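**Q** One rule links them: number in this note's numbering = place in the sequence shown (from 1) + 4. All residues carry an ideal CB built from backbone N, CA and C; glycine is no exception. This structure is a prediction, so every number in the text was calculated from the model and none was measured.
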Amino acid sequence: MPDERKTTAMILSLPVNARVRHLARLLRSVDESTRVLELDVSNCVQANLDLLMKYVGVLSHLRLLRCLACPIPASYLLPLLQQRLTELEELDFSLIIPDEFIGSEVEKLSASSGEQSLLLASSLRRVYVEVSSDGNIQLLWWLLHFCPYVTELHVHVLSGQFQKILFHVNGILLSNRQLEKFTFTSDIPPTAHLPPREMTDFHAQALVCANVCYWNFLDSCCCVWLRDNTLDTSGKELSSQLVVVFTDEADVPAERISVAVQGHVWTAVRQLCLVLLPQQPFSFEPHPMAGMSYLNGLREFFLVLQYLVELNVHSFHFGPDVDLMQLLGDANLMFLKALSVAPCGLHHSRAVYRLAQACRELVELDVRVIQRGAHLGCTVCQLPLHIEPDDVAELHDDFPRSRCRFSRLTLSAVPNLASLRFLMSCKV
Numbered sequence: 005m006p007d008e009r010k011t012t013a014m015i016l017s018l019p020v021n022a023r024v025r026h027l028a029r030l031l032r033s034v035d036e037s038t039r040v041l042e043l044d045v046s047n048c049v050q051a052n053l054d055l056l057m058k059y060v061g062v063l064s065h066l067r068l069l070r071c072l073a074c075p076i077p078a079s080y081l082l083p084l085l086q087q088r089l090t091e092l093e094e095l096d097f098s099l100i101i102p103d104e105f106i107g108s109e110v111e112k113l114s115a116s117s118g119e120q121s122l123l124l125a126s127s128l129r130r131v132y133v134e135v136s137s138d139g140n141i142q143l144l145w146w147l148l149h150f151c152p153y154v155t156e157l158h159v160h161v162l163s164g165q166f167q168k169i170l171f172h173v174n175g176i177l178l179s180n181r182q183l184e185k186f187t188f189t190s191d192i193p194p195t196a197h198l199p200p201r202e203m204t205d206f207h208a209q210a211l212v213c214a215n216v217c218y219w220n221f222l223d224s225c226c227c228v229w230l231r232d233n234t235l236d237t238s239g240k241e242l243s244s245q246l247v248v249v250f251t252d253e254a255d256v257p258a259e260r261i262s263v264a265v266q267g268h269v270w271t272a273v274r275q276l277c278l279v280l281l282p283q284q285p286f287s288f289e290p291h292p293m294a295g296m297s298y299l300n301g302l303r304e305f306f307l308v309l310q311y312l313v314e315l316n317v318h319s320f321h322f323g324p325d326v327d328l329m330q331l332l333g334d335a336n337l338m339f340l341k342a343l344s345v346a347p348c349g350l351h352h353s354r355a356v357y358r359l360a361q362a363c364r365e366l367v368e369l370d371v372r373v374i375q376r377g378a379h380l381g382c383t384v385c386q387l388p389l390h391i392e393p394d395d396v397a398e399l400h401d402d403f404p405r406s407r408c409r410f411s412r413l414t415l416s417a418v419p420n421l422a423s424l425r426f427l428m429s430c431k432v
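#1: Taking just the CA atoms, how far does residue 265 sit from residue 339?
#2: Identify, in the order they occur along the chain, each residue of the same chain with its Cβ nearer than 6 Å to the Cβ of residue 157, setting aside the five sequence neighbours on each side.
#3: Measure how close the beta-carbons of residue 389 and residue 347 come, nearest whole angstrom, since I'm counting them as under 8 Å.
#4: Taking the beta strand (DSSP E) that residue 344 belongs to, which residues open and close that run?
#5: Considering only DSSP beta bridges, list what residue 14 is partnered with.
#6: If I follow the unbroken beta strand (DSSP E) through residue 29, where does it start and stop?
#7: If contacts are defined as beta-carbon pairs under 8 Å, then residue 345 and residue 319 qualify, I think. What distance do you get, rounded to the angstrom?
#8: Between the stretch 94-113 and the stretch 140-156, can you find at least three pairs of beta-carbon atoms closer than 8 Å?
#9: Tell me, please, which residues DSSP counts as bridged to residue 88.
#10: Check each candidate in 136, 148, 135 and 116 and name the one with the smallest Cα separation from residue 126.
#11: Here's the rule I'm using: 16 or more other beta-carbon atoms within 10 Å means buried, otherwise exposed. How should residue 241 be labelled?
#12: Using DSSP with H/G/I as helix, E/B as strand and the rest coil, what is residue 274?
#13: Which residue wins for smallest C-alpha separation from residue 283, given the options 251, 371 and 294?
#14: Which term fits residue 32, buried or exposed, when burial requires 16 or more other beta carbons within 10 angstroms of its beta carbon?
#15: Would you say residue 261 and residue 301 are within 7 Å of each other, going by their C-beta atoms?
#16: Measuring CA to CA, which of 253, 427, 374 and 387 is closest to residue 317?
#17: From the DSSP output, read off the bridge partner residues of residue 249.
#18: Using the C-alpha atoms, what's the distance from residue 98 back to residue 40?
#19: Whole angstroms are fine: how far does the CA of residue 329 sit from the CA of residue 3?
#20: Buried or exposed for residue 424, going by 16 or more other Cβ atoms inside 10 Å?
#21: How about residue 20 and residue 47: are their beta carbons less than 7 Å apart?
#22: What is the residue span of the alpha helix (DSSP H) that residue 186 lies within?
#23: What's the gap between the Cα of residue 160 and the Cα of residue 100?
#24: Can you give me the start and stop residues for the alpha helix (DSSP H) that residue 111 sits inside?
#25: Determine the burial state of residue 122: buried for a count of at least 16 other Cβ atoms within 10 Å of its Cβ, exposed for fewer.
#26: Which whole-angstrom value is the C-beta distance of residue 56 and residue 92, which I expect to be below 8 Å?
#27: Quick test of your reading: residue 356 and residue 396, contact by CB under 8 Å. State the CB separation rounded to the nearest angstrom.
#28: Tell me whether residue 181 sits in a helix, a strand or coil according to DSSP, three-state version.
#29: Is it buried or exposed, residue 322, if we count other Cβ atoms within 10 angstroms and call 16 or more buried?
#30: So what does DSSP say about residue 303, is it helix, strand or coil?
#31: Please report how far the alpha carbon of residue 29 lies from the alpha carbon of residue 49, in whole angstroms.
#32: On the DSSP letters alone, give me the boundaries of the alpha helix (DSSP H) that residue 463 sits inside.
#33: Would you kindly report the start and end of the unbroken alpha helix (DSSP H) that includes residue 334?
Okay, here's the thing in structure tokens:
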């Protein structure tokens, strides 16, 4: 008679710094009718590597493996993907091999690629990887050689030489045309200011803002300079994902912005990053700010972005006379879900309250300061930032037209918070 026992699914997660015996104990408690589909062994830095691989390899039905900050070399991970975890669809891991061992790791992976019968990780579709150097990016290139069906890749850089890392990541992009979604994020701040125009979109954008997301590789994110957009008034429709780079130049900024707005179609833009760069990238002057000479141009600019979903202006600083929240309120950005901003963008009175009133679909607010090179930073960002408890409460307030619930507030390197009392009203 057929076996009519039902199969149940299980998710296993190890605590931080757990040893392998903890996983062994969990596996002994799993009966034959249970399939472990997800396993998280992140931060198990003290685990015995050989034993860990042995027990992970037993879980042949795994669909998701998360092993961040876990010291698993690529040469150990590859045979696991090829031979044992043949149903794995999602992988989150870290490539943080010390530089002195990278050469031997590359040799092992390249030797595997030369074998006659090349085993592929054919079920793997989504990869998130943290890397700590340009050498580890090269290891990632080799590893992805065995994963030709990956359609979503997120590379997060922890440390290393930024421009070398970008060079190797660009090589990964060129070698993996099957990617449908690619995300690049970095803990290293961007250092370059005016990349050469012959660079790829990815290389140019990452040098300027250190964050890239392509939802469709064939229709990739576009990185444009305002100086170019004022020369080209062809009326073309701009990409849904756009980085616009401003340089703080002597001519009237509002007029340049107006020409760019009127010369193109902006209605398709959903994700927008604005970057304001100095004329002299290596000077010791304070970071440039958009002052009154920008105001009319910015007002006209935001009015054509009515379908915007994500706005990143943490590298576009505002002077004391420019109220970003007023600009966003006037633009009626009813679809805006995520805002990343420097403290100067919230400098004016009750800025968070007015943001909550203007953007009822907002689910994420990110306030951060990015230091670029030798610049002294934005002088307005150094002033006390006042966030009131009642204003934060407004972000969580129910509203009949809202389909979303505010879920994430991030503060990073904010130099001068006037008070932390607003945390009492924060529900995230």
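**A** Working from what's here:
#1: Taking C-alpha positions only, residue 339 is separated from residue 265 by approximately 20 Å.
#2: 131, 183 and 186
#3: About 5 Å; that satisfies the 8 Å criterion.
#4: Element bounds for residue 344: 342-345.
#5: Residue pairing by DSSP places residue 14 opposite 40 in a beta bridge.
#6: Here residue 29 belongs to no beta strand (DSSP E); instead the alpha helix (DSSP H) covers 24-32.
#7: 10 Å between Cβ atoms; not a contact.
#8: yes
#9: Beta-bridge pairing links residue 88 to no other residue.
#10: 148
#11: exposed
#12: coil
#13: That would be 251, whose Cα lies nearest to the Cα of residue 283.
#14: Exposed, since its Cβ has fewer than 16 Cβ neighbours within 10 Å.
#15: The answer is yes: Cβ separation under 7 Å.
#16: 374
#17: Residue 249 is bridged to 229 and 279.
#18: When rounded, the separation of the alpha-carbon atoms in residue 40 and residue 98 is 22 Å.
#19: Coverage of the chain is limited to positions 5 through 432, which leaves residue 3 absent and any answer about it impossible.
#20: exposed
#21: yes
#22: Looking at the DSSP string, residue 186 is not in any alpha helix (DSSP H); the run it does join, the beta strand (DSSP E), is 185-190.
#23: 12 Å
#24: That run of the alpha helix (DSSP H) goes 103-117.
#25: Counting the other Cβ atoms within 10 Å of the Cβ of residue 122 gives fewer than 16, which makes it exposed.
#26: Between residue 92 and residue 56 the Cβ distance is about 16 Å, and since that is not below 8 Å, they are no contact.
#27: Distance from residue 356 to residue 396 at the Cβ level is roughly 6 Å; contact confirmed, criterion being Cβ atoms closer than 8 Å.
#28: coil
#29: Burial call: buried.
#30: helix
#31: Answer to the nearest angstrom: the Cα atoms are 18 Å apart.
#32: Lying before the first or after the last residue shown, residue 463 is absent from the chain, which here runs from 5 to 432.
#33: 328-335
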